[in-house]
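Below is one structure; the comments refer to it alone.
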Amino acid sequence: MKKRTRFGIPVNDLMGRVFDLVLLNWTFLLCCLPLFTIGAAMTAMHRVLLQMVRGDDAYFVRDYFKTFKREFRQSTLLWVPMLVVAVVLLTDQILLLPALEGALRVGLFAASLFFEVFWMVLLIYAYPMLARYVNPLRQTVKNAFLVALWKFPQTILCAAVYLALPLAYMLYAPAQPVVMILYLICGFSAPGLLADTILNRVFLAVIPGEQEYQDSNS
Numbered sequence: 349m350k351k352r353t354r355f356g357i358p359v360n361d362l363m364g365r366v367f368d369l370v371l372l373n374w375t376f377l378l379c380c381l382p383l384f385t386i387g388a389a390m391t392a393m394h395r396v397l398l399q400m401v402r403g404d405d406a407y408f409v410r411d412y413f414k415t416f417k418r419e420f421r422q423s424t425l426l427w428v429p430m431l432v433v434a435v436v437l438l439t440d441q442i443l444l445l446p447a448l449e450g451a452l453r454v455g456l457f458a459a460s461l462f463f464e465v466f467w468m469v470l471l472i473y474a475y476p477m478l479a480r481y482v483n484p485l486r487q488t489v490k491n492a493f494l495v496a497l498w499k500f501p502q503t504i505l506c507a508a509v510y511l512a513l514p515l516a517y518m519l520y521a522p523a524q525p526v527v528m529i530l531y532l533i534c535g536f537s538a539p540g541l542l543a544d545t546i547l548n549r550v551f552l553a554v555i556p557g558e559q560e561y562q563d564s565n566s
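Counting with my numbering, you get residues 349 to 566 for the letters of the sequence shown.
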């Protein structure tokens, strides 16, 4: 009889899943080394994580790189503008906002907040959708915002999952070394797994009729 955790999960299965998440995290980080490939790396990671959620994770290394190659163009077309927006928003936060006062500062803050929400919605939904569904990029972006509004509580929950470590890093200085270590171990794959567990149910409920990539053909 297998030894189990307090949640009823066999210990061997739990340790295997942790090892998979660590290996996936390292694979993701390696594929992110040229910054313009981050979009394809995220899409491939979400493909593997969605397979884990559905219990179909036997060939995750193969499927990771197949998805990376298949979705490289669409993921990069999405990611490069997001990267530019992220740089602009960061510049606003560091340089412009502290230098402005009054209505100009309020206006810039409101504009920055709008684009940050826009950016976060794409991060949460677009890459998992690229990993799962056969759609043009424009349709994927449209679906991302429709689902984000339709399933607003789940959107907020996924945002909290992704923002937990960055907020801990920014708001609590003693936690910064721990956060950096977590990011190196499984700080991208583990939050991604939590978010994709939520998103798998969302996708089944909201867009069950969309054509999905088949693992055997992907």
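All C-beta atoms in this analysis are idealised placements derived from N, C-alpha and C, irrespective of residue type, glycine included.
None of the values given here were measured: they were computed from a predicted structure.
D411 to Q399 span [Cα, whole Å]:
Sequence index remark: in the sequence shown, residue 411 carries index 63 (1-based). Sequence index remark: in the sequence shown, residue 399 carries index 51 (1-based). When rounded, the distance between both Cα atoms is 9 Å.
At which residue ranges does the stretch 369-429 contain complete alpha helix (DSSP H) runs of 4 or more residues, listed in the order of the chain?
386-401 and 408-418
Please confirm if the stretch 477-486 is in contact with the stretch 443-463, defined as three or more CB-CB distances below 8 Å between the two stretches.
no
Would you call the stretch 508-521 and the stretch 532-549 touching, i.e. three or more CB-CB distances under 8 Å?
yes
To which residues of the same chain is A392 closer than 6 Å at the C-beta, ignoring the five residues directly before and after it?
For the purposes of this step, residue 392 is identified with residue 44 of the sequence shown, where counting begins at 1. Cβ neighbours of A392 beyond the five flanking positions: Y412, T415 and F416.
Determine the DSSP secondary structure at Y481, reduced to helix, strand or coil.
Along the sequence shown, one-based indexing puts residue 481 at 133. Of the three classes helix, strand and coil, the one that applies to Y481 here is strand, per DSSP.
Could you give the DSSP three-state label for F367: helix, strand or coil?
Position 19 of the sequence shown, counted from the first residue, corresponds to residue 367. In this structure, F367 counts as helix in the three-state DSSP scheme.
What is the rounded straight-line gap between the Cα of Y520 and the Cα of M528?
By one-based count along the sequence shown, residue 520 stands at place 172. By one-based count along the sequence shown, residue 528 stands at place 180. Distance between the alpha carbons of Y520 and M528 is about 13 Å.
Tell me which same chain residues have a C-beta within less than 7 Å of the C-beta of R354, skipping the five on either side of it?
Position 6 of the sequence shown holds residue 354. Since pLDDT at R354 reaches only 35, below the 50 mark, its modelled position is unreliable, and no value is offered.
Quick check on the burial criterion: 16 or more other C-beta atoms within 10 angstroms. Buried or exposed for F384?
Looking up residue 384 in the sequence shown gives position 36. Exposed is the call here.
Compare the beta carbon distance of C534 and L378 with 7 Å and say whether it is the shorter of the two.
Sequence index remark: in the sequence shown, residue 534 carries index 186 (1-based). Sequence index remark: in the sequence shown, residue 378 carries index 30 (1-based). For C534 and L378, no; Cβs fall outside 7 Å.
Local conformation of E464 per DSSP, three classes
Residue numbering aside, residue 464 sits at position 116 when the sequence shown is read from its first letter. Note: E464 maps to helix in three-state DSSP.
For L471, collect the residues of the same chain with a Cβ closer than 6 Å to its Cβ; drop the 5 residues on either side in sequence, then sort them by chain order.
Position 123 of the sequence shown holds residue 471. Excluding sequence neighbours, L471 sits near nothing in its chain.
When burial is assigned at 16 or more other CB atoms within 10 Å of the CB, is L494 buried or exposed?
Residue numbering aside, residue 494 sits at position 146 when the sequence shown is read from its first letter. Exposed.
Quick check: the Cα distance between L530 and N491, rounded to an integer number of angstroms?
The sequence position of residue 530 within the sequence shown is 182, counting from 1. The sequence position of residue 491 within the sequence shown is 143, counting from 1. For L530 and N491, the distance between alpha carbons rounds to 32 Å.
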